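Worksheet for the structure shown next.
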RNA sequence: GCCCCCAUCGUCUAGCCCGGUCUAGGACACCGCCUUUUCACGGCGAUAACAGGGGUUCGAAUCCCCUUGGGGGUGCCA
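Numbering (the working numbering), first residue to last: 108 to 589.
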């Protein structure tokens with residue numbers, strides 16, 4: 108049996124990180140089993156679904172590297188893959204159930220239902236199910252009322268029996284008899300309801316494994332009933348734990364960024380995002396924590412899910428982003444940096460060689476691309492501002508000597524950039540001729556050359572600083588020291 | 001209310017199914033130290049958990065029950 112899995116989002120908003128994780132697991136499982144991963148759009152909530160959100164979600168999935176081989180945008184042998192385009196299929200199947208006497212039209216209005224619920228004794232109020240008033244209606248009677256234009260929903264006759272679900276992460280889950288009543292499968296407007304079309308589609312699309320969030324666990328009993336009504340075999344299930352916020356409540360906007368899109372805009376790496384998401388509820392068999400999806404795909408198994416909910420905490424994501432950033436090949440680094448650095452930044456005016464050197468250095472010092480402009484500030488900033496720290500350094504007797512020497516050599520520079528070797532010559536000169544070493548040497552040089560009391564290694568920073576900037580800055584500093 | 005699920009360091013988790021090798025391992029964060037061309041990276045180290053109570057057993061983080069806590073469902077949302 109070849110594995111077929113799907114991710115079935117509702118296009119009612121941006122792709123949620125939890126959705127991204129579910130999609131990722133399905134994708135990984137398909138890859139591990141040599142199966143097929145498909146994307147199905149569940150847009151039966153007409154009021155909230157839009158095509159824009161569908162496109163945005165697909166774009167985010169693509170960014171994550173979760174690629175489907177069947178879906179609304181690419182087609183496939185089991186299409187259409189948009190539920191709004193499958194209405195007739197659901198209707199036909201619902202009518203089949205009516206013919207089989209496993210479903211029926213119900214003419215009760217919401218007001219009637221509400222009124223009858225109120226009449227119930229208070230203790231039964233909580234577990235109210237549809238009372239089955241229309242269940243016994245004859246087909247003639249139903250057809251007559253339908254013909255007269257009366258609105259009706261279609262309800263499935265819920266069998267009075269217990270159901271057992273064998274779930275890959277929960278184990279055996281028992282659903283006692285009477286847990287649900289006759290539930291709606293087709294709304295009065297003719298649109299199907301999630302618990303119905305989801306099953307029809309999984310069945311017709313030959314889905315073998317359903318990996319989805321735990322919030323669907325309780326509802327699974329309704330879906331089992333639909334499979335049973337058709338005499339179909341349900342797929343295997345794996346209900347994964349939910350993602351929650353710091354306060355252990357369902358992850359929502361108040362916990363910060365919850366959509367994949369937001370992380371994308373904040374220049375997070377998709378490799379870091381997928382690495383992090385993958386480990387929120389699943390563990391690597393060899394206990395590795397930094398890995399790529401290509402590395403983990405062959406090892407991915409449905410049996411290593413953790414049952415408890417996981418708190419989405421960006422701290423570890425940040426760490427992982429730094430780790431993946433370091434490993435990026437230089438071509439990718441260049442491409443990403445071009446996008447992440449603002450267009451008007453002098454970075455863009457530099458040569459390809461310079462950029463390469465610059466990124467090779469900074470990749471080890473940043474966590475995100477968005478830090479790049481700020482980190483590079485010292486390379487292009489010729490402004491100077493006196494700080495208590497600098498005042499202190501300038502007051503040392505060694506510093507004016509260093510300044511005198513450096514002003515001389517810097518002003519005599521003829522090349523656009525200095526080399527690391529040149530920098531070594533400077534420091535050696537100060538050490539050997541001026542007899543200054545240790546802290547006074549390096550702090551002094553840093554203060555005179557960068558106007559900062561601290562920062563990254565001068566040996567790497569200075570060769571990336573244009574000589575022109577260096578000259579302006581050093582002269583300003585020298586002036587201020589007098 | 002009723003039903004279902006869950007419970008190991010602050011966080012993500014390993015171990016649990018198949019009790020002993022667990023004075024519970026790793027990672028992030030935090031703290032300390034090393035490097036000192038300083039931050040970061042890296043290296044080393046420290047603090048830190050089996051929710052509580054009963055069983056079963058020679059022995060329980062691991063099996064059973066209860067309590068507590070948390071989450072989900074209970075829709076003509078998905």
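Don't be surprised by glycine CBs; every beta carbon is placed ideally from N, CA and C.
These figures come from a predicted structure and were not determined experimentally.
Spatial neighbours of residue i within its chain, please: CB distance less than 8 Å, with the 5 preceding and 5 following residues excluded, ordered by chain position.
i: residue 216; result: 258
i: residue 302; result: 290, 292, 326, 329, 330, 333
i: residue 455; result: 445, 448
i: residue 299; result: 151, 190, 194, 197, 198, 201, 292, 293, 307
i: residue 232; result: In this predicted model, residue 232 has a pLDDT of only 46, less than 50, meaning its place in the structure is not dependable enough to derive any value.
i: residue 575; result: 523
Out of the options, which has the shortest C-alpha to C-alpha gap to residue i?
i: residue 383; options: 400, 306, 393; result: 400
i: residue 283; options: 274, 430, 268; result: 268
i: residue 562; options: 429, 472, 365; result: 472
i: residue 156; options: 118, 180, 508; result: 118
i: residue 240; options: 255, 349, 214; result: 214
i: residue 420; options: 204, 466, 146, 364; result: 364
i: residue 345; options: 324, 335, 415, 574; result: 324
i: residue 169; options: 431, 368, 528; result: 368
i: residue 341; options: 352, 128, 318; result: 318
i: residue 462; options: 153, 585, 570; result: 570
i: residue 428; options: 164, 116, 347, 376; result: 376
i: residue 586; options: 247, 514, 359, 140; result: 514
i: residue 336; options: 208, 322, 235, 271; result: 208
i: residue 443; options: 425, 475, 507; result: 475
i: residue 547; options: 500, 564, 527; result: 500
i: residue 262; options: 255, 274, 206; result: 206
i: residue 171; options: 470, 124, 136; result: 124
i: residue 490; options: 149, 558, 147; result: 558
i: residue 502; options: 305, 550, 235, 245; result: 550
i: residue 380; options: 440, 126, 116, 237; result: 126
i: residue 144; options: 204, 154, 181; result: 181
i: residue 385; options: 115, 133, 120; result: 133
i: residue 466; options: 338, 435, 131; result: 435
i: residue 248; options: 140, 204, 394, 212; result: 212
i: residue 479; options: 495, 452, 494, 270; result: 452
i: residue 482; options: 425, 564, 415; result: 564
i: residue 580; options: 540, 527, 510; result: 510
Kindly indicate the opening and closing residues of the beta strand (DSSP E) around residue i.
i: residue 365; result: No beta strand (DSSP E) contains residue 365, which DSSP labels as neither H nor E.
i: residue 88; result: The first residue shown for the chain is 108 and the last is 589, placing residue 88 beyond what the model contains.
i: residue 111; result: 111-114
i: residue 145; result: 143-146
i: residue 319; result: 316-320
Less than 7 Å separating the beta-carbons of residue i and residue j?
i: residue 314; j: residue 189; result: no
i: residue 287; j: residue 329; result: yes
i: residue 412; j: residue 388; result: yes
i: residue 122; j: residue 167; result: yes
i: residue 525; j: residue 555; result: no
i: residue 517; j: residue 578; result: yes
i: residue 486; j: residue 572; result: yes
i: residue 468; j: residue 567; result: yes
i: residue 220; j: residue 178; result: no
i: residue 392; j: residue 348; result: no
i: residue 149; j: residue 115; result: yes
Can you name the start and end residues of the alpha helix (DSSP H) that residue i belongs to?
i: residue 304; result: 301-311
i: residue 161; result: 158-171
i: residue 205; result: 194-206
i: residue 431; result: 421-434
i: residue 137; result: 124-140
i: residue 461; result: 459-469
i: residue 257; result: No alpha helix (DSSP H) holds residue 257; DSSP gives it neither H nor E.
i: residue 568; result: 565-568
i: residue 377; result: 377-385
Tell me residue i's beta-bridge partners as DSSP assigns them.
i: residue 291; result: 262
i: residue 539; result: DSSP, once it has assigned bridges, lists no residue as partnering residue 539.
i: residue 270; result: 282
i: residue 185; result: Looking at the DSSP assignment, residue 185 forms no beta bridge with any residue, so it has no partner.
i: residue 357; result: 351
i: residue 174; result: Paired residue(s): none; residue 174 is not in a bridge.
i: residue 346; result: 319
Using a Cβ-Cβ cut-off of 6 Å (strictly less than) and excluding sequence neighbours within five positions of residue i, which residues of its own chain qualify?
i: residue 543; result: 505, 537
i: residue 343; result: 316
i: residue 109; result: 142
i: residue 272; result: 280, 327
i: residue 138; result: 404
Once you ignore the five residues that flank residue i on each side, which residues in its own chain have a CB closer than 7 Å to its CB?
i: residue 230; result: Because residue 230 sits at a pLDDT of 48, beneath the cut-off of 50, its placement in the model cannot be relied upon, and the following sentence gives the value as read from the coordinates. For residue 230, where only same-chain residues beyond five positions count, there are no Cβ hits under 7 Å.
Relative to the ligand GDP, is the shortest distance from any of its heavy atoms to the C-beta of residue i smaller than 6 Å?
i: residue 270; result: Within the structure as shown, the ligand GDP is missing, as the structure has no ligands at all.
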